[in-house]
Each structure stands twice: as structure tokens, then as C-alpha cells.
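Numbering (full-length UniProt numbering), first residue to last: 1 to 234. Note that beta-carbon positions come from the ideal geometry of N, C-alpha and C, so glycine has one too.
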Amino acid sequence: MSMPLELLSFEEVAEIKRSPKTIDIFSVPEMAPAYKLSYFNITALGEPIRFLLSYGGIEFEDCRIEHENWPQHKPNMPFGQMPVLEHNGKKAHQSLAICKYLAKQVKLVGNDDWEDLEIDAAAFTVNDLRQFIARYHYETDEKEKEKNKGILFNEKLPYYLERLDNIAKENNGHLAVGRLTWADLYFVSLLDYLNHMAQTDIIANHHNLIAVKNNVLGLPTIKEWIEKRPKTSV
Ligand SMILES: N[C@@H](CCC(=O)N[C@@H](CS)C(=O)NCC(=O)O)C(=O)O
1 MSMPLELLSF EEVAEIKRSP KTIDIFSVPE MAPAYKLSYF NITALGEPIR
51 FLLSYGGIEF EDCRIEHENW PQHKPNMPFG QMPVLEHNGK KAHQSLAICK
101 YLAKQVKLVG NDDWEDLEID AAAFTVNDLR QFIARYHYET DEKEKEKNKG
151 ILFNEKLPYY LERLDNIAKE NNGHLAVGRL TWADLYFVSL LDYLNHMAQT
201 DIIANHHNLI AVKNNVLGLP TIKEWIEKRP KTSV
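Rendered as C-alpha cells:
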């Protein structure tokens, strides 16, 4: 607490006035970002969350856990998995739930409940597609993998991509409600991962989905994030 000036001697007051205390801006401790995202050092399920935070200019601690250190962190996660978003001392899990929360924060949601339903349906469909591709990619039994490959490339990919492409056409280069929403960011942020797992550019022949991709990658805050994000293999 500072001393009232009238209780100080003339000399002491004079000394204080000669050397006024100034705030040294370089010594002010930086505030920790309000959000911390924990995920592996890859894009995959963490990237939609990183895209949404970046889109909204929300500062976040991008905590990337190396696989060899995962066993010591796993017990601290709500359901033993990541991504996990921390805010105000609380931990949230489930990437889609986190995306929906952030989408509200950055205003990439619908104007009414029905629009939200359409946006959710688009994003959840992309998530279904991700799971079909992952089923093939992560299969270790060679015979099973071959079977999954047939199902993926002959059935699931053409079926899903054709429909998603039609939706993108009807919505002017977006996946729902004719404008940019979190479903677009969700899809585009996962694309590298989906292509990596399928070992091909899955949207190469789907021009309306390419438009969705270009719309998202053209956003200045997303461009900035992609330039500065750590370069990883996936
Ligand atoms: N449904 C969850 C799935 C989370 C999930 O599968 N996380 C994986 C990484 S992508 C994980 O933490 N794996 C490590 C483990 O289960 O020990 C979500 O969408 O967040």
C-alpha cells in the first residue's frame, strides 16, 4: 500500500516527485490465454478446434502432447482421450461438442434451431465419412483392410462425396444454409487428415467441395493460422 504524501517529510515527497514510478511494460507478466487445447502433435481431430479458435482470433495455448508422453497425461483427461479444451479451470472433451461451443462464440452457427440442425447434420456427416476412412486406414489385419478398402472406395466415398458435393452446389460453396458456418471449417480442417488416411485427394473431382475448401482457406485468419501452425506429417 502506498503512503499518503502528507505523512512524509518534505524531502521524501521531493524524492518521490523526482523519480515518479513508471510502469515498465516489458516487465508486466503476460496473461495466460483463456483457452488451452490439448491434443497430439497432428491435425486430425484437434484441427477443427484450432481452426475455430483461429477464425475468431481467440488466443489459445496449443498444447501438443507427444505420443511417448501420452500415458502420463491420459489419466488427467475426462474420458482418457483428446482433444480436450480447458477454460476457466474446467475441462471439456468430445471434439464435435467443443466445435459447437466455439462456433457459438465466433458466430458461425445458424440463425434459428432449424439452421443449426442443418449445420450439425452436415458436420456430423463429414464425421461419419471420417470414421469410414479411419476404419480402412487403421485396420491392421491385411484381409480385413482389403475388404474395408473395397467398401470405402467403391461405396462409401462415392456415395458421401456425391451428396456432399450436391449440398455444396445448392449452398453456394458451403455445406449448409448458404453461408459460412462451422460445418465448412470442420470439413476443410479435416481434409488433410482424410486425404492422408485415404492416400488420395478425395475431393479432386468434386468442384463444389473444392469451392468450400477455397472459401475457408481464403479467410485471412485461417490463412494466418496455416502459415504459423507447426508443420506436421499429418
Ligand atoms: N469422439 C471423440 C474421439 C476422441 C479420440 O478418438 N481421440 C483419440 C485421438 S484422435 C485419442 O485420444 N486416442 C488416444 C487414446 O485413446 O488413448 C472426439 O471426437 O473427441
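Exercise. Does ligand 1 have a heavy atom nearer than 7 Å to the CB of H93?
Worked result: yes
Exercise. To the nearest angstrom, how far is it from the Cα of L161 to the Cα of K74?
Worked result: 35 Å
Problem set entry | Per-residue DSSP class, three states only, for V106 | coil
Problem set entry | Cβ contact check for the segment 51 to 58 and the segment 216 to 225: 3 or more pairs under 8 Å | yes
Exercise. Which residue from D184, F51, S95, F124 puts its Cα closest to that of L45?
Worked result: S95
Exercise. What residue from C99, S38, K143, E68 has the CA that sits closest to F187's CA?
Worked result: C99
Exercise. R229 by DSSP, collapsed to three states: which one?
Worked result: coil
Exercise. Would G80 be called buried (16 or more neighbouring beta carbons within 10 Å of its own) or exposed?
Worked result: exposed
Exercise. What residue range is occupied by the uninterrupted beta strand (DSSP E) comprising R64?
Worked result: 60 to 65
For this session: Would you list the residues sitting across from A92 in a DSSP beta bridge?
Result: L85
Problem set entry | Close beta carbons around C63, own chain, < 7 Å, minus the five adjacent residues each side | K36, L37, S38
For this session: Determine the extent of the beta strand (DSSP E) in which Y35 is found, giving its start and end residues.
Result: 35 to 40
Problem set entry | N-terminal and C-terminal residue of the alpha helix (DSSP H) that V234 is part of | Note, V234: premise wrong, no alpha helix (DSSP H); not H, not E.
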